[in-house]
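Accompanying notes for the structure given below.
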Amino acid sequence: MGDADLNRSLWDERAGLHGQDDYYDVAGFLAGGSSLAERELDEVRAAVGDVDGLDVLHLQCHFGLDTLSFARLGARSTGLDFSAVAVKRARGLAAQAGLDAAFVEADSQHLPSDLEGRFDLVFASYGVLCWIADVDAWMRSASTALRGGGRLVLIDLHPAFQMVGGIDPLEFDFPYLGAEPQRFDASGSYAAPDADTTANTSVEYAHGLGEIVTAAIGAGLRIDALTEWLDEAFDPRGGILAVEDDGRYRLRLGGGHPLPLTFSLRATKT
Numbered sequence: 000m001g002d003a004d005l006n007r008s009l010w011d012e013r014a015g016l017h018g019q020d021d022y023y024d025v026a027g028f029l030a031g032g033s034s035l036a037e038r039e040l041d042e043v044r045a046a047v048g049d050v051d052g053l054d055v056l057h058l059q060c061h062f063g064l065d066t067l068s069f070a071r072l073g074a075r076s077t078g079l080d081f082s083a084v085a086v087k088r089a090r091g092l093a094a095q096a097g098l099d100a101a102f103v104e105a106d107s108q109h110l111p112s113d114l115e116g117r118f119d120l121v122f123a124s125y126g127v128l129c130w131i132a133d134v135d136a137w138m139r140s141a142s143t144a145l146r147g148g149g150r151l152v153l154i155d156l157h158p159a160f161q162m163v164g165g166i167d168p169l170e171f172d173f174p175y176l177g178a179e180p181q182r183f184d185a186s187g188s189y190a191a192p193d194a195d196t197t198a199n200t201s202v203e204y205a206h207g208l209g210e211i212v213t214a215a216i217g218a219g220l221r222i223d224a225l226t227e228w229l230d231e232a233f234d235p236r237g238g239i240l241a242v243e244d245d246g247r248y249r250l251r252l253g254g255g256h257p258l259p260l261t262f263s264l265r266a267t268k269t
């Protein structure tokens with residue numbers, strides 16, 4: 000089985016499992032809530048302001064909570080994911096919530112032609128590029144989907160934090176950059192660590208900040224802001240960090256100064 004097929008099998012199974020756990024508050028969403036974190040909303044507002052009336056494409060949308068949260072804010076919202084199970088669940092969730100959104104089964108590295116030039120905002124967040132073998136192709140898809148003057152908002156794990164496998168003892172189990180496939184075998188998932196899963200092999204890819212920014216520029220995007228975040232409201236890797244007294248999570252090594260956990264990239268199609 001090829002790398003892409005391994006990842007698709009893994010995410011098909013996780014898409015059927017997720018949302019039945021405490022990690023995703025599906026009940027709260029169906030009651031009228033939003034799955035979008037304040038940082039995500041802040042970055043979107045900084046890029047495009049209010050999304051009401053805008054065309055939004057959410058890449059790697061999983062089973063659709065964030066896509067539908069944009070729809071609840073008034074956007075004409077489209078979610079894209081390579082997992083058929085995720086797309087089916089997203090459509091079912093849209094019907095449950097009474098929200099109008101489109102969901103497309105496709106690889107975010109190969110944008111379907113009918114999505115080209117249609118969107119004011121392309122959005123993706125948390126756990127995005129580590130699944131992407133070709134970051135240049137991903138950025139081309141994002142750029143191609145945008146109208147002229149449209150914006151990309153990408154929030155993801157910082158490549159330096161992505162390297163960290165454990166704090167005590169300190170362990171690095173992932174490269175910083177290079178895009179060479181890294182194969183892992185582990186049951187369960189970040190949302191359901193004790194689940195008895197069968198598709199347990201994943202293939203992930205490291206992309207440094209330089210690679211990511213250069214890919215965006217090469218795809219015809221103008222970089223508006225690149226921000227490295229030292230804190231988060233949750234542990235983006237799951238089970239590595241301890242919450243601090245202020246309720247935030249930080250990565251502290253050596254002398255105790257916090258290192259970046261995540262980054263956000265805002266860019267405009269020129």
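Residue numbers (numbering that gives the first Met the number 0): 0 to 269. Ideal placement from N, C-alpha and C gives every residue a C-beta, glycine not left out. Predicted, not measured: the structure shown is a model, and the values here were computed from it.
Each of His17, Leu114 and Ala96 was checked against the Cα of Asp195, and the nearest Cα belongs to His17. When C-beta atoms of the stretch 127-138 are compared with those of the stretch 210-217, three or more pairs fall below 8 Å, so the two segments count as touching. In the DSSP secondary-structure assignment, Val121 is bridged to Leu56 and Leu151. Minimum Cα-Cα distance from Ser76 among the listed residues Val84, Asp99 and Thr143 corresponds to Asp99. Excluding the 5 residues flanking it on each side, Val152 has same chain C-beta neighbours closer than 6 Å at Glu42, Val43, Ala46, Phe122 and Arg265, in chain order. In this structure, the straight-line span from the alpha carbon of Gln95 to that of Leu29 is close to 7 Å. For Gly63, the closest C-alpha among the options Leu240, Leu40, Gly91 and Glu231 is that of Gly91. By the criterion of at least three beta-carbon pairs nearer than 8 Å, the stretch 66-86 is in contact with the stretch 32-42. Comparing alpha-carbon positions, the option among Tyr204, Val50, Glu115 and Tyr23 lying closest to Arg182 turns out to be Tyr204. With distances taken between CA atoms, Cys60 lies nearest to Gly78 out of Thr267, Glu104, Asp2 and Gly78. Of Gly116, Leu169 and Ser140, the smallest CA-CA separation from Gly147 is found for Gly116.
Note that the C-beta distance between Leu120 and Arg139 is not below 8 Å.
Buried is the label assigned to Arg13, since at least 16 other Cβ atoms lie within 10 Å of its Cβ. The stretch 142-216 contains, as complete alpha helix (DSSP H) runs of 4+ residues, the segments 158-161 (chain order).
Ala224 has its alpha-carbon roughly 20 Å from the corresponding atom of Phe160. In this model, Ala26 and Asp20 are separated by some 11 Å (Cα to Cα). If you draw a straight line from the Cα of Ser201 to the Cα of Asp244, it comes to about 34 Å.
Trp10 and Lys268 have their alpha carbons spaced roughly 30 Å apart. For the pair Pro180 and His109, the Cα-to-Cα distance works out to about 19 Å.
Counting along the chain, Leu225 sits inside the beta strand (DSSP E) bounded by residues Leu220 to Trp228. Apart from sequence neighbours up to five positions away, the residues of its chain that approach Arg221 with a beta-carbon distance below 7 Å are Ala266, Thr267 and Thr269, ordered along the chain. Ranked by Cα distance from Ala190, the options Ser112, Thr226, Asp234 and Gly164 are led by Asp234. Beta-bridge partners of Ala89 (DSSP): none assigned. DSSP, reduced to helix, strand and coil, places Phe28 within a helical segment of the structure shown. In the displayed model, Thr267 falls within a strand according to three-state DSSP.
Around the beta carbon of Glu37, fewer than 16 other beta carbons sit within 10 angstroms, so the residue counts as exposed. Within the same chain, Val50 and Asp51 come within 7 Å of Leu72 by CB-CB distance, once the 5 residues on both sides are set aside. Residues of the same chain with a CB within less than 8 Å of the CB of Asn199, apart from the 5 flanking positions on each side, are Leu9, Asp184, Ala185 and Ser186 in chain order.
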